[in-house]
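Residue 178 in numbering that gives the first Met the number 0 sits at position 179 of the sequence shown, and the numbers go up by one each step.
All residues carry an ideal CB built from backbone N, CA and C; glycine is no exception.
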Amino acid sequence: MNMLKVCFYLKQYNYFYNIQQPISFLPLYQHTNKHYQYSPFVLNINPDKRPMAKKGENIREIYLDNPNGAVYSPNIIKNQKYKWYSFLFVVFINQFQDFLTIYFFIVTVTQLIPSYRVSPLISNLFPWMVTLCLTYLKEGVDDYRRYLKDKEVNSETYKIVRKDKIEEITSGKLKVGDIVYVEKKQRIPADLVLLKTSDPNGQVFLRTDQLDGETDWKLRTPVGVTQKLEEISDIYDMKVKIFSDAPHKDIYSFVGKISVEVDQDQKNESLSLDNMLWMNTVLATSSAYGCVIYTGNDTRAVMNTSKPRNKRGKTDKEIGYFSMYLCLLSIFFAIFYTLFAGITKRVDITFFRFATIFSAVIPVSLKVAIDITRFFFYQNFVSEDKDIEGCVMRTTNISEDLGRISYFLTDKTGTLTKNEMEMKKIHLGTIFYTDEVNYEITETLQKYLKKKEKVVSFSKGKKDLGTKLYQMVHTLALCHNVTPVTEDGDVVYQASSPDEVAIVKWCEVIGMPLIKRDRTSMTIKNALGKEINVEILHIFPFTSESKRMRIIVKQEDSDEILFLVKGADVVMREIVKKNDWLDEEVGNMAREGLRTLVVGRKSLTKEEYEIWEQDLKKAKETMQNRAEEVEAAVQILEKDMTLMGITGVEDKLQDKVKVTLENLKNAGIKIWMLTGDKIETAISIAISSRLFLRQYEYLIIENLTKREEGLEKLQEIQSKSYNSLVIDGKSMAVMLENYPKEFIHETTQLDAVVCCRCSPTQKAMVARLIRTQTKKGVVCIGDGGNDVSMITEADVGVGIVGKEGNQASLAADFSIMKFYHVAPLLFWHGRNCYKGTSRLVHFIIHRGMIITVLQGIFCALFQFSPIPLYQGVILMGYVTVYTAFPIAAMIYSIDISKENTEKYPELYKEMVRTKLLSSRSFFGWSLISFYQASAIMVCALLLYEHELLCLVTITFTSLIINEILMVALTINTISRGIGFMMLLSLFIYIISFFLLRDDQLRIPDPWYNFFWKILAINAISLAISIIYKLYRSYMNPSIHKKLV
């Protein structure tokens, strides 16, 4: 039978009808931020042919063991930057992103031609090859480490259930349609539909910290029809098909259906997020069987992870600009000297020889020196710092960017907070209790219960304190989604929200513990130790839209039906009866940094409940707007609810978070908090961590869906009425889609920004937009797998090794153990790296420019002939052993103590504002180089006008001494180590006189005249530098010197 496809469009929903024999129906909702997409209605009439996986698929139809061999993405995790066969070529090509490398390469190539050569080939080739080899070594080691990590993950073994056997295969060989057995505490190797679990209650808890950054376990339930199977292999006696939506990034949604046919009896069961096990999550309880539906690049984990990019620091870019300018300058003078030399038949020889001679203005040692400094010195400084013990520098070529940060993007859960909740306060309207008086609550409850046992009935009039308190605690003990789990002999509470766990633990402390729970019932104890059993009739979990959690329970001892609600004050104030204290007390708790929940309660009659349940049943059966219909049905009950009270839960902050954030703000750094948590929680943490100060006025933007709404809020931000912003992920998506430049421009001017309900992709997008639009330094810090994309997008990515694993720290440029370690990393190491490299760049460019000017004067004296003044061994020695040790000593020079950098974070602001590698500084060093070279050459000619044959020795000796003394004038303090390095270089040069005196270095007689004349030449060449240093030290000192 031919394939018949009938396509038409629906306005709100997309239905896929797969008509085979028998006909089956699959409604499939495709939505993104509630914007329903228009997709075709497909009727597939063909019992023999099954759809193959293909790019752009709308629906995935999966069969056990994939009998038709549909091709899907391989289940291989690969974080390597390079392939083994292209490593040498790709790394080589990547080097040409740097202008220096291009220039060095061109110069080296010209020297391969004998007629263009002005000095031995080794003089040009050796430094360039050293640079390339160091790069190969660094990139190779880094990528090999990634390979070992990938190999470890892909080689994990899992049991696969076949029709007649059980196989063991590696994770990398898993395919769509395989049934996988996952043991307790084992990583989920692919995206699975949960079919069966070993838990008798038919549930399993999942650790999702490596996916969404939340350490709280998530409850998952298996498919009902497969959970009932005695053996999972019995599934092959059925005809099973699984329908799922196309792969996408949203980790909080899944739409699908499973169709099971047994003996002509077909059963369909819808699939949702509750039935899914995402890749890289971990089974926390029980073992489970699951069917693979997404593999490799189609999994949620991989789709939410950005590929690592080759980062290039701002310092490297500035060096590239300087190099480009110097290259143009050398070409200009090569043309100028060529013209003055006269036009000949082989003018190209003259030009290329001059170009090679003047190429010394960009010394080939610059890149080598910087790479060595970063790889050996800076990396060692960081790793040996005892104040940030455990810190690892994984990316060395951006170390200077630590001292150039203007925006600080941080995760919340596990980064700013410990994710350890503790119940601190409850408020009943007329009285409040803190955790310090829990014993009073227990005594009051016990008195109430004893009194209740003696009295047959209570008056329905005004409630006394005991009644209010008992109903509040009773509601808190039942209104949650917490399950007690036995782990290693201890009972622990697990829930999707740490707030709920904190509340249940508090209930246990005051005498009403949770004993057991399954999907249909719950058992607690009262303050007198009596068990209370309730039947769970319906649960409506917390969502970002409803902002509240609701549960309906029936008490077995009294058959009373209770409707219990707890949620955010913004929605609860419309649900509970009117009162005059709710808003005031919620505000008071929020100012204390507590996460608040408002608690309400309502008793239902049997008749009310039965009528309402019929409405709910109709809402659940509808195929259009099901979620909205169910929500409308629940809201029927949310009228005139009794306000029980308010809870205040504290999310413990990491050590020294307040001080660290305050120092960062004093350093002029703008702070953004990006979290997947809800708005209320994020605001609470922003207040308690002092990200939001009391004088801050912050604007809250949430639930935007239209472009016009976004424009209105953008204008509100532009009004400058607020200095801080709180925005949710849905609203930010609207802003970034319609007004990306305007939104980033306005929000980067604010003192602080909090982004809530952010997906990993959104975090990365924000980091990228801030980095590209502001052109300022951005650092991102996080501790979970959901932060990896953001970390890799930043100029500097910092990962914290913590409860959420090592994924963030392994992907980061810098790995630290504690959040507060970021302050010395920026203020101390950032300062030293930035200033050290800046001095190094200035000095090496000065060293190249001064020898170029000397060469230019020499050529001009000899009728513009392209004759090198220095060549061979002494030229190589000039850029290596004669000056290398003083250069290394410059790295150890510091201008201020570590204690003062932490005591005065404003110094960091001054350093970022004062650009160290600027056009002004470059021009200043150029003038110094020109003056010193001219002074050396002119003085040498005046003092030795009859000894031109010794000109090389005279000028070169003056040059070496000049460079060694310039190091002393450039650094702030001369330590013993620096003094030793300077003397060592001078000693090596003196030894060279004995080794090279018959070649290039010849001391004119008498030697003592040579000695004092050299000192005189250097005194004249360094005069201006000495005067300027004295002026800066006594007449115009810098801020840090004033502090010292």
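If you draw a straight line from the C-alpha of F335 to the C-alpha of F350, how long is it?
As a working mapping, residue 335 is identified with position 336 in the sequence shown. As a working mapping, residue 350 is identified with position 351 in the sequence shown. Cα-Cα distance, rounded: 9 Å.
Give me the Cα-Cα distance between N831 and Y881, rounded to the nearest whole angstrom.
As a working note, residue 831 is residue 832 in the sequence shown. As a working note, residue 881 is residue 882 in the sequence shown. Cα-Cα distance, rounded: 25 Å.
By the three-class DSSP mapping on this structure, what secondary structure does S602 have?
Taking the first residue of the sequence shown as 1, we reach residue 602 at position 603. Of the three classes helix, strand and coil, the one that applies to S602 here is strand, per DSSP.
Starting from E182, follow the beta strand (DSSP E) in both directions and report where the run begins and ends.
Looking up residue 182 in the sequence shown gives position 183. No beta strand (DSSP E) contains E182, which DSSP labels as neither H nor E.
With distance defined between alpha-carbon atoms, name the residue in I397, S917, I514, Y697 nearest to T485.
Here residue 485 corresponds to residue number 486 of the sequence shown, with the count starting at 1. For T485, the nearest C-alpha among the options comes from I514.
Should E452 go down as buried or exposed, given a rule of 16 or more other Cβ atoms within 10 Å for buried?
Locating residue 452 in the sequence shown gives position 453, where the first residue counts as 1. Counting Cβ neighbours within 10 Å, E452 comes out exposed, since fewer than 16 surround it.
How do the region 194-202 and the region 215-234 stand: do at least 3 beta-carbon pairs fall below 8 Å, yes or no?
Taking 8 Å as the limit for Cβ pairs, the verdict is that the region 215-234 does touch the region 194-202.
With distance defined between alpha-carbon atoms, name the residue in T107, H828, A822, K217 nearest to V500.
Position 501 of the sequence shown, counted from the first residue, corresponds to residue 500. It is K217.
Looking at the unbroken beta strand (DSSP E) that takes in M278, where does it start and where does it end?
Along the sequence shown, read from residue 1 onward, the residue named residue 278 stands at position 279. Counting along the chain, M278 falls outside any beta strand (DSSP E), and DSSP gives it neither H nor E.
Can you name, in chain order, every residue of its own chain whose Cβ lies under 7 Å from the Cβ of M980, other than the five neighbours on each side?
One-based indexing of the sequence shown puts residue 980 at position 981. Contacts found: F884, P885, A887, A888.
Quick one, are the C-beta atoms of C326 and Y102 less than 9 Å apart?
Position 327 of the sequence shown, counted from the first residue, corresponds to residue 326. Position 103 of the sequence shown, counted from the first residue, corresponds to residue 102. In this structure, Y102 lies closer than 9 Å to C326 by Cβ.
For Y869, which of L853, D233, I425 has the nearest alpha-carbon?
Working through the sequence shown from its first residue, we reach residue 869 at position 870. Among L853, D233, I425, the Cα nearest to that of Y869 belongs to L853.
Roughly how many whole angstroms lie between the Cα atoms of Y1007 and K385?
Position 1008 of the sequence shown, counted from the first residue, corresponds to residue 1007. Position 386 of the sequence shown, counted from the first residue, corresponds to residue 385. If I take the Cα positions, the gap works out to 51 Å.
At the level of alpha carbons, what is the spacing between I22 and D190?
Looking up residue 22 in the sequence shown gives position 23. Looking up residue 190 in the sequence shown gives position 191. In this predicted model, I22 has a pLDDT of only 29, less than 50, meaning its place in the structure is not dependable enough to derive any value.
Do three or more CB pairs link the region 524-542 to the region 436-453 at distances below 8 Å?
Segments in contact, yes.
Helix, strand or coil for L325 per DSSP?
The residue given as residue 325 occupies position 326 in the sequence shown. L325 falls in the helix class under three-state DSSP.
One question on the structure: do D782 and V800 come within less than 9 Å of each other, judged by their Cβ atoms?
In the sequence shown, the residue the question calls residue 782 occupies position 783. In the sequence shown, the residue the question calls residue 800 occupies position 801. Cβ atoms of D782 and V800: closer than 9 Å.
Could you tell me which uninterrupted alpha helix (DSSP H) segments, each at least 4 residues in length, are contained entirely in the region 605-684, listed from first to last along the chain?
As far as the region 605-684 is concerned, its whole alpha helix (DSSP H) runs of at least 4 residues are 605-620, 625-636, 656-665.
Please state whether DSSP places N532 in a helix, a strand or coil.
For the purposes of this step, residue 532 is taken as residue 533 along the sequence shown, with counting starting at 1. Here N532 sits in strand by DSSP.
So, helix, strand or coil for C755, using DSSP?
Locating residue 755 in the sequence shown gives position 756, where the first residue counts as 1. Reduced to three states, the DSSP call for C755 is strand.
Let me make sure I understand the geometry here. Which of I330, V360, I361 has the alpha-carbon closest to that of D347?
In the sequence shown, the residue the question calls residue 347 occupies position 348. The option with the nearest alpha carbon to D347 is I330.
What is the C-beta distance between S933 and N1017, in whole angstroms, given that I count them as a contact (C-beta under 8 Å)?
Within the sequence shown, numbered from 1, the residue matching residue 933 stands at position 934. Within the sequence shown, numbered from 1, the residue matching residue 1017 stands at position 1018. S933 to N1017, Cβ: 14 Å. No contact.
Using CA coordinates, which residue listed in I927, K80, Q110 is at the minimum distance from R846?
Taking the first residue of the sequence shown as position 1, residue 846 is located at position 847. Measuring from the Cα of R846, the nearest candidate turns out to be I927.
How would you write the range of the alpha helix (DSSP H) that D244 sits in, first residue to last?
By one-based count along the sequence shown, residue 244 stands at place 245. Careful: D244 lies outside any alpha helix (DSSP H), inside the beta strand (DSSP E) at 238-244.
Put S398 into one of helix, strand or coil per three-state DSSP.
By one-based count along the sequence shown, residue 398 stands at place 399. Helix.
Looking only at C-alpha atoms, which of E399, E260, K762, D676 sits nearest to M910?
Against the sequence shown, residue 910 aligns to sequence position 911. Checking every option, the nearest Cα to that of M910 belongs to E399.
Going by beta carbon distance, what residues of the same chain come within less than 7 Å of R600, once the five residues before and after it are set aside?
The residue you call residue 600 lines up with position 601 of the sequence shown. Excluding residues within five positions, the ones whose Cβ falls inside 7 Å are Q470, T474, L561, L563, M640, T641, M643.
Quick one: measure Cβ to Cβ for E679 and A567, integer angstroms, because I've assumed they're closer than 8 Å.
Along the sequence shown, one-based indexing puts residue 679 at 680. Along the sequence shown, one-based indexing puts residue 567 at 568. With a Cβ gap of about 5 Å, E679 and A567 count as contacting.
Straight-line CA distance for G488 to D498?
Sequence index remark: in the sequence shown, residue 488 carries index 489 (1-based). Sequence index remark: in the sequence shown, residue 498 carries index 499 (1-based). Going from the Cα of G488 to the Cα of D498 covers about 24 Å.
By the three-class DSSP mapping on this structure, what secondary structure does T433 have?
The sequence position of residue 433 within the sequence shown is 434, counting from 1. The answer is strand: DSSP assigns T433 an E or B state.
Under three-state DSSP, which class holds E439?
Indexing the sequence shown from 1 puts residue 439 at position 440. If DSSP states are grouped into helix, strand and coil, E439 belongs with the helices.
Looking at I780 and V821, is the spacing between their C-beta atoms short of 9 Å?
Taking the sequence shown and counting its residues from 1, one reaches residue 821 at position 822. Taking the sequence shown and counting its residues from 1, one reaches residue 780 at position 781. Contact: yes.
Are the Cβ atoms of F357 and G871 separated by less than 9 Å?
On the sequence shown, position 358 is the one that residue 357 refers to. On the sequence shown, position 872 is the one that residue 871 refers to. No.
What residue from Y492, Q110, E383 has the CA that sits closest to T284's CA?
Position 285 of the sequence shown, counting from 1, holds the residue named residue 284. When each option's Cα is compared against that of T284, the closest is Y492.
Pull up the DSSP beta-bridge partners for E421, would you.
In the sequence shown, residue 421 corresponds to position 422, counting from 1. E649.
Using only alpha-carbon positions, find the residue among M1034, R693, L839, V261 that is nearest to S892.
Locating residue 892 in the sequence shown gives position 893, where the first residue counts as 1. Nearest option by C-alpha distance: L839.
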